[in-house]
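S.K.: Let me give you the structure first, and then I'll get to my questions.
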Amino acid sequence: MNWLASVDPLYAHGTTGVVILIAVIKLVVGFASIMGAVTLMIWFERKAISKMQSRIGPQRWGPFGLLQTLADGIKLFFKEDLIPAEADRFVFKLAPYLSLVPALITFSIVPVGGTLHIAGHAVQLQIANPPMGILVMLAMSGISVYGVMLAGWASGSKYPLISSVRASAQMISYEAALGMTIVTIILATGSLSTHDIVTSQAHGVWHWNLIRLGIVPFVVFLIAITAELNRPPFDVVEAETELVGGFNTEYSSIRFALFYLAEFMNTITMSAILVTLFFGGPAGYVPPVPHFAWVFPIIWFLGKTVAFAFAYIWFRAALPRFRYDQLMDLGWKRLIPLSLGWMLIVAGFLVNRWWGISMIVTVVIGWFVLTRAYALGADRTTGAESVLPEVGRRPTPSRLYRQRTSKGEK
Amino acid sequence: MPRVLNFFGGFNLTLRHIARPAVTVSYPQAKRPKQPRQHGRHVLNRYEDGMEKCIGCELCAGVCPADCIYVRGLDNPPDHPVSPGERYGYVYEINYLRCIHCDLCVEACPTQAITESKMFEFSFTNRSDAIYTKKELVVDDAGFPQRLPWEDWREGEAAMTGGWMRATSPAGDARYEGEIQWTADLGAGLRAAEGGQSENRNDEATGSKLLRRAFAKHILPEDMPLDMVGLRGKINELKAKRPSKKKVVKK
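Next comes the structure, spelled out in structure tokens:
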């Protein structure tokens with residue numbers, strides 16, 4: 001019991017019935033709100049992007065088309081569920097859950113508000129506060145790669161397979177940059193727990209990781225998380241022009257709906273994680289209102305999250321899709337060295353000033369070396385040309401050989 | 001703007017578009033005004049005395065690239081002729097599953113018997129219903145296109161639905177400005193000349209005023225109708241929103 005109390009102050013007075021009830025209520029409310037938020041997010045995305053494209057968007061179901069997602073969900077639920085003949089049936093059925101469940105679990109570590117006091121129990125407004133904290137998010141994003149990869153593989157179809165190969169390569173390469181920026185934050189905070197990360201940023205805007213760590217980790221994180229979500233402009237996984245529908249081409253009915261749900265749930269969750277890591281989560285001005293002061297952190301959190309959800313939609317409306325090699329270039333040649341270098345600099349300054357300055361020097365030298373290496377590598381020939389000489393310089397058959405063959409033909 | 005910031009031009013553009021009105025129209029509730037030369041459902045015209053213009057020459061069927069017209073001519077019965085010529089269109093059928101509304105039949109017709117209205121609501125549940133016969137195509141006694149029950153006729157649509165202009169007509173030629181190049185319709189009469197290169201155009205008469213009004217938020221400033229520009233435009237807008245009491249009394 002002592003161990004539990006060290007994790008969450010809710011269990012400080014032992015695990016009584018009230019405590020379990022509070023935990024269950026937290027779980028149910030969290031689940032219901034994320035589900036509601038997903039339906040709203042899908043509506044918001046469709047409405048906002050149609051506004052940006054001078055269209056109307058969903059408008060038929062409910063006020064402003066708010067119930068459109070529900071109608072779509074009901075429609076998908078009652079459609080025929082097809083499984084291709086070539087499919088690996090078990091994996092095919094498993095894959096949607098492998099991408100949905102990680103999205104749900106990731107949200108559980110996000111602190112939504114401050115700490116409430118109900119019946120003498122301190123209740124943190126987050127579903128779980130595990131000591132490994134933000135590592136849960138990394139682990140879950142690792143698992144959601146399996147969801148996409150297995151979906152493409154188990155479909156027994158070519159386009160989904162190509163898409164899933166792309167997806168796994170993309171998600172794994174951007175995970176490196178993602179992990180490196182998270183390490184930077186962990187170094188600055190000194191704790192893995194999301195609750196501690198948020199409380200360390202609570203003392204005003206200047207303590208937010210966005211400013212405290214310099215803007216660079218935030219920019220790297222934003223780009224990497226967009227790629228991790230397979231959202232535009234990094235949606236080569238679902239490039240309709242090349243791959244029909246992407247990894248979920250063969251999916252239909254409720255399984256397709258689950259993928260769709262997982263995608264948008266991930267968008268919300270990652271916005272929330274971004275807010276938690278860089279924008280102080282629920283931190284913000286709380287007016288001195290008796291009894292209702294706990295509402296304001298939640299409003300701050302929601303406002304920041306919605307702002308980033310809108311940013312993702314904005315990306316989708318404004319940016320064209322990356323080519324696959326550009327995507328890999330950006331990931332491996334730019335973001336990973338950048339996040340690694342910045343992590344070294346931050347770590348150096350955390351020790352003392354001289355370490356920091358020496359790290360800056362190291363990073364600058366490393367940057368020059370890398371740039372030189374890229375410049376050298378850019379000239380080399382790749383692909384078929386590196387093996388075969390150019391057309392004009394290829395060895396042609398000798399005169400004797402040509403005479404023989406032409407005679408033989410005649 | 002520095003070149004580096006050009007990257008954010010797309011973001012700026014998409015954000016500004018949020019404030020702009022939607023181009024899309026919720027069709028069954030609202031209907032966008034049609035282009036003055038829109039190609040829609042055909043009509044078979046008649047003369048003032050009720051005679052049909054079609055002489056059954058089958059030129060339209062010959063020129064049709066989609067092979068959708070079927071005509072059979074027949075000698076006019078001497079005691080009650082259908083057309084003023086020697087023969088008349090005994091059978092006239094257009095298959096709207098094939099028609100591409102290119103208006104080549106209208107160009108080919110020597111008597112301007114076949115023209116196109118602007119109606120685009122085709123509704124059929126089987127293939128044979130897609131073939132419109134003379135029953136549907138011939139204009140009514142007043143010379144207007146028949147109001148087929150499945151078509152969506154609204155106020156003001158009958159007036160501007162007729163009249164056609166040869167695609168080969170030199171409408172862009174400045175010399176032709178002010179010259180009427182529409183054909184006269186039995187029902188709607190003669191429409192005003194289209195505007196040419198100069199700014200002088202009568203949008204009200206040519207029926208493109210509503211269209212310009214609908215697209216006002218999206219067209220270039222120089223293409224705005226004069227009564228919508230500046231202070232006069234503001235006043236007209238207010239007038240349109242609040243009909244004066246005199247009009248109400250008149251009704």
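Chains as they are written, first to last, in this note's numbering: chain A, 1 to 410; chain B, 1 to 251.
By construction, the Cβ of each residue, glycine as well, lies at the ideal position given by its N, Cα and C atoms.
1. State the beta-bridge partners of Q124 of chain A as determined by DSSP.
2. Give every residue of the same chain whose Cβ lies closer than 8 Å to the Cβ of V248 of chain B, excluding the five residues on either side of it in the sequence, and list them in chain order.
3. Taking the beta carbon of M35 of chain A as the centre, do at least 16 other beta carbons fall within 10 Å, making it buried, or is it exposed?
4. Is K410 of chain A buried or exposed, if buried means 16 or more other CB atoms sit within 10 Å of its CB?
5. Where does I18 of chain B fall in DSSP's three states?
6. Can you pull the chain A neighbours of I18 of chain B, defined as C-beta to C-beta under 7 Å?
7. When the Cα atoms are used, what is the spatial distance from Q201 of chain A to T184 of chain A?
8. For I182 of chain A and S141 of chain A, what's the separation of their Cα atoms in angstroms?
9. What is the DSSP secondary structure of R231 of chain A, reduced to helix, strand or coil?
10. To the nearest angstrom, how far is it from the Cα of A429 of chain A to the Cα of A48 of chain A?
11. With a 10 Å radius around its C-beta and 16 neighbouring C-beta atoms as the bar for buried, classify I20 of chain A as buried or exposed.
12. Between which two residues does the alpha helix (DSSP H) containing E263 of chain A stretch?
13. I need the DSSP call for Y96 of chain B, collapsed to helix, strand or coil.
14. For the segment 219-234 of chain A against the segment 186-200 of chain A, do three or more pairs of beta-carbon atoms, one drawn from each stretch, fall closer than 8 Å, so that the two count as touching?
15. Under three-state DSSP, which class holds E151 of chain B?
16. So which residues of chain B does L319 of chain A contact, with C-beta pairs closer than 8 Å?
17. Determine the burial state of K251 of chain B: buried for a count of at least 16 other Cβ atoms within 10 Å of its Cβ, exposed for fewer.
18. If you reduce the DSSP assignment to three classes, tell me which class E435 of chain A lands in.
19. Which of the residues in the segment 44-74 of chain A, read from start to end, lie with their CB under 8 Å from any CB of chain B?
20. For the beta strand (DSSP E) holding G73 of chain B, just list the boundary residues, first then last.
21. Around the Cβ of H80 of chain B, are there at least 16 other Cβ atoms within 10 angstroms (buried) or fewer (exposed)?
22. Any C-beta of chain B within less than 8 Å: which residues of the segment 301-331 of chain A qualify?
23. With a 10 Å radius around its C-beta and 16 neighbouring C-beta atoms as the bar for buried, classify W354 of chain A as buried or exposed.
24. Please classify V289 of chain A: does DSSP put it in a helix, a strand, or coil?
25. Are there 16 or more other CB atoms within 10 angstroms of the CB of T106 of chain A, so buried, or fewer, so exposed?
26. Interface residues of chain C around V23 of chain B at Cβ under 8 Å?
27. From N248 of chain A to A378 of chain A, what distance separates their C-alpha atoms?
28. Between the segment 44-58 of chain B and the segment 131-142 of chain B, can you find at least three pairs of beta-carbon atoms closer than 8 Å?
29. Which residues in the same chain have their Cβ closer than 7 Å to the Cβ of F310 of chain A, if we skip the five residues on either side of it in sequence?
30. If you follow the beta strand (DSSP E) that V229 of chain B is part of, which residue opens it and which one closes it?
31. Assuming contact is defined by CB atoms lying nearer than 8 Å, are G156 of chain B and G187 of chain B in contact in what I supplied?
32. Would you kindly work out how many angstroms separate the C-alpha atoms of P58 of chain A and K239 of chain B, rounded to a whole number?
33. Contact criterion: CB-CB distance below 8 Å. Does K250 of chain B meet it with respect to chain A?
34. Look up I34 of chain A in the DSSP assignment and say whether it is helix, strand or coil.
35. Quick one: list the residues of chain A neighbouring G14 of chain B, beta-carbon separation under 7 Å, in chain order.
36. Strictly under 8 Å for the Cβ-Cβ distance: is S83 of chain B near chain A by that measure?
M.R.: Reading off the structure:
1. Counted from its first residue, the first sequence places residue 124 of chain A at position 124. Answer is A:T115, bridged to Q124 of chain A.
2. Stepping through the second sequence from its first residue, residue 248 of chain B is reached at position 248. For V248 of chain B, the predicted model reports a pLDDT of 48, less than 50, meaning its position is unreliable and no value from the coordinates is stated.
3. Within the first sequence, numbered from 1, the residue matching residue 35 of chain A stands at position 35. By the 10 Å Cβ count, M35 of chain A comes out exposed.
4. Within the first sequence, the letter at position 410 stands for residue 410 of chain A. The predicted position of K410 of chain A is uncertain, since its pLDDT is 47 and thus under 50; a value taken from the coordinates is nonetheless stated next. Label assigned to K410 of chain A: exposed.
5. Locating residue 18 of chain B in the second sequence gives position 18, counting from the first residue. Reduced to three states, the DSSP call for I18 of chain B is helix.
6. If you number the second sequence from 1, residue 18 of chain B lands on position 18. Within chain A, the residues near I18 of chain B are K51, M52.
7. On the first sequence, position 201 is the one that residue 201 of chain A refers to. On the first sequence, position 184 is the one that residue 184 of chain A refers to. Rounded to whole angstroms, Q201 of chain A to T184 of chain A spans 14 Å at the Cα level.
8. For this step, residue 182 of chain A is matched to residue 182 along the first sequence. For this step, residue 141 of chain A is matched to residue 141 along the first sequence. Near 13 Å, if we compare the C-alpha coordinates of S141 of chain A and I182 of chain A.
9. Mapped onto the first sequence, residue 231 of chain A falls at position 231. If DSSP states are grouped into helix, strand and coil, R231 of chain A belongs with coil.
10. Since the first residue of chain A shown is 1 and the last is 410, residue 429 of chain A is not available in this structure.
11. Residue mapping note: residue 20 of chain A aligns to position 20 of the first sequence, counting from 1. Exposed, by the Cβ-count rule.
12. Residue mapping note: residue 263 of chain A aligns to position 263 of the first sequence, counting from 1. Run containing E263 of chain A: 253-278, per the alpha helix (DSSP H) assignment.
13. For this step, residue 96 of chain B is matched to residue 96 along the second sequence. Three-state result, Y96 of chain B: coil.
14. no
15. Within the second sequence, residue 151 of chain B is the residue found at index 151, counting from 1. Looking at E151 of chain B - three-state DSSP - the assignment turns out to be coil, as it is neither helix nor strand.
16. Counting from one through the first sequence, the residue named residue 319 of chain A turns up at place 319. Per Cβ cutoff of 8 Å: G10.
17. Position 251 of the second sequence holds residue 251 of chain B. For K251 of chain B, the predicted structure reports a pLDDT of 41, less than 50, and the residue's modelled location is therefore unreliable. The matter cannot be settled from this model.
18. Here chain A comprises residues numbered 1 to 410, so residue 435 of chain A is not present and cannot be evaluated.
19. A48, S50, K51, M52, Q53, S54, R55, I56, Q59
20. By 1-based counting over the second sequence, the position of residue 73 of chain B is 73. That run of the beta strand (DSSP E) goes 69-75.
21. The residue labelled residue 80 of chain B in the question sits at position 80 within the second sequence. Its Cβ having fewer than 16 others within 10 Å, H80 of chain B is exposed.
22. W314, A317, A318, L319
23. Translated into the one-based positions of the first sequence, residue 354 of chain A becomes position 354. When all chains shown are included, W354 of chain A counts as exposed.
24. Position 289 of the first sequence, counting from 1, holds the residue named residue 289 of chain A. The answer is coil: DSSP assigns V289 of chain A none of H, G, I, E or B.
25. Residue mapping note: residue 106 of chain A aligns to position 106 of the first sequence, counting from 1. T106 of chain A is buried by the Cβ-count criterion.
26. As a matter of chain content, chain C is missing from the structure shown, whose protein chains are A and B.
27. By 1-based counting over the first sequence, the position of residue 248 of chain A is 248. By 1-based counting over the first sequence, the position of residue 378 of chain A is 378. When rounded, the distance between both Cα atoms is 35 Å.
28. yes
29. Residue mapping note: residue 310 of chain A aligns to position 310 of the first sequence, counting from 1. The answer, listed in chain order, is A48.
30. Here residue 229 of chain B is taken as the residue at index 229 of the second sequence, counted from 1. Unbroken run through V229 of chain B: none, as it is neither H nor E.
31. As a position in the second sequence, residue 156 of chain B is number 156, starting the count at 1. As a position in the second sequence, residue 187 of chain B is number 187, starting the count at 1. For G156 of chain B and G187 of chain B, no; Cβs fall outside 8 Å.
32. Here residue 58 of chain A refers to the residue found at position 58 when the first sequence is read from its first residue. Here residue 239 of chain B refers to the residue found at position 239 when the second sequence is read from its first residue. The straight-line gap from Cα to Cα measures roughly 33 Å.
33. Taking the second sequence and counting its residues from 1, one reaches residue 250 of chain B at position 250. Note on K250 of chain B: pLDDT 44, under 50, position unreliable in the model; the coordinate value appears next. No, K250 of chain B lies away from the interface with chain A (no Cβ there is under 8 Å from its Cβ).
34. On the first sequence, residue 34 of chain A is found 34 positions in, with the first residue counted as 1. In the structure shown, I34 of chain A sits in a helix (DSSP, three-state: H, G or I).
35. Position 14 of the second sequence holds residue 14 of chain B. The residue asked about is misnamed: residue 14 of chain B is Thr in this sequence, not Gly. Here the neighbours are M52, W314, A317, A318.
36. Here residue 83 of chain B corresponds to residue number 83 of the second sequence, with the count starting at 1. False, the Cβ-Cβ gap to chain A never drops below 8 Å.
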